[in-house]
Each structure stands twice: as structure tokens, then as C-alpha cells.
Amino acid sequence: GDIELIDFVDNTVFVKLGGTCSTCSASQVTLKHYVETKIKELVSPELVVEEVVQ
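Each residue of the sequence shown is one higher than the one before, starting from 673 at the first, in the numbering used here.
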């Protein structure tokens, strides 16, 4: 699957999941427990990742 950065507002990173990730039942777990954790580790511990559904 794919992940696309859509926007960044205050401390929230908005992303869109594509490919097989967009329909996977485990996508929210991946988003919160892997993507958000890595962004907090590498950028800022105050950031939050939210999925944009279009």
C-alpha cells in the first residue's frame, strides 16, 4: 500500500492511505502504532497522525 502526506496543521499530520492499505482492516493499527510512533520518534513527540478518507 501507499501513504500520502495530505496536510500538516498545528501538531496534526494528515495522511491518505492508498492501494491495499486503504481497505485493510489493520490499517489503523499500522497508522497509529507504526507510522505515528516513527514520526513522533524522528520529528516531534507532540505530533498526531490522522487519516483523511476521501
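No residue lacks a Cβ here, since even glycine has one placed at the ideal position from N, Cα and C.
Here the structure is a predicted model, which means the values were calculated and not measured.
State the DSSP-derived secondary structure class of residue i, mapped to helix, strand or coil.
i, result
"Leu714", "helix"
"Ser699", "helix"
Could you pull the DSSP bridge partners for residue i from this structure?
i, result
"Gly690", "Asp674"
"Asp679", "Phe686"
Looking at the unbroken beta strand (DSSP E) that takes in residue i, where does it start and where does it end?
i, result
"Tyr707", "The residue you asked about is not Tyr; residue 707 is Val in the sequence shown. First-last for Val707: undefined, no H or E at that position."
"Val720", "720 to 723"
So the candidates are the options; which of them puts its Cα closest to the Cα of residue i?
i, options, result
"Cys693", "Val681, Phe686, Glu676, Ile711", "Glu676"
"Gln726", "Asn683, Leu703, Gly690", "Gly690"
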